[in-house]
């Protein structure tokens, strides 16, 4: 086992552990910090998969912006009564069963597909020739230029929607 | 790195299932939204893995779009949450039973 494989298995184990801790902690702030650990380890997985730009976006946008936004909301809302409440609903065994069944189905389907095609070798990709970031950028501003512009419209709609939703209505009785 | 694609997809499946469990089991709306983020991250691992093992950049581009949609979803979801807690403090779905017949 070489070093990259060992690092990958560490990243995978740490991601799974921090995701489990994130969904089971009682204190929402602790959950957010475990999700932060999860996102940083997933960025490491992206780096090992030679998705350098995706890893940077994961750290900057996910860990840096979205998660801090969630933390702000957790601290803004008054969740002091939350400690007295049960953290799971009554249906949690059913939810756990759904999760386990999903894992089993995915594993079975992967074993089946792996039996059909044994080769999992890495294709010698363009990324090894001129860098993954340039490669993604050429795709993003070439064939994917129209979806890229549409995503900006979606984000604009989200900004306006969030402002409209969270605005304090003027009392007009 | 000589990790087979199956292991990457397995990691993605396990993280997705943890997100499903969190979304179905937790009663706090913020934790349910963060479970959705965990699921989206799991899908991104799948996309990056496919991109790496097929030598095609389109998987990474799709993952970038997923991240953009996740940001939009977080903004809308938390805007809704703020509007909701103005009427009913506490961000717990067990309290939201107004539509129960």
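Chains as they are written, first to last, in the working numbering: chain X, 23 to 195; chain C, 37 to 137.
For every residue, glycine included, the Cβ atom is placed at its ideal position computed from N, Cα and C.
Listed by chain order, chain X residues near residue 102 of chain C by CB distance under 8 Å: Result: empty, since nearest Cβ-Cβ is about 10 Å, beyond 8 Å.
C-beta atoms of residue 63 of chain C and residue 47 of chain X nearer than 8 Å: no
Buried/exposed call for residue 80 of chain C, threshold 16 Cβ in 10 Å: buried
Beta-carbon proximity of residue 45 of chain X to residue 65 of chain X, cut-off 8 Å: no
For residue 94 of chain C, the three-state DSSP class (helix, strand or coil): helix
Whole-Å CB distance - residue 103 of chain C paired with residue 83 of chain X, under 8 Å assumed: 6 Å
Where residue 167 of chain X falls, given that 16 or more other Cβ within 10 Å makes a residue buried: exposed
Cβ distance (whole Å) where residue 91 of chain C is taken to contact residue 41 of chain C below 8 Å: Not confirmed; about 12 Å, so no contact.
CA-to-CA distance, residue 123 of chain C to residue 182 of chain X, given in whole angstroms: 21 Å
Length of the line joining the Cα atoms of residue 41 of chain X and residue 189 of chain X: 33 Å
Euclidean distance between Cα positions of residue 52 of chain C and residue 75 of chain C: 5 Å
Interface positions of the segment 81-93 of chain C facing chain X (Cβ-Cβ less than 8 Å), listed along the chain: 81, 84, 85, 87, 88, 89, 90, 91, 92 and 93
Three-state secondary structure (DSSP) of residue 62 of chain C: strand
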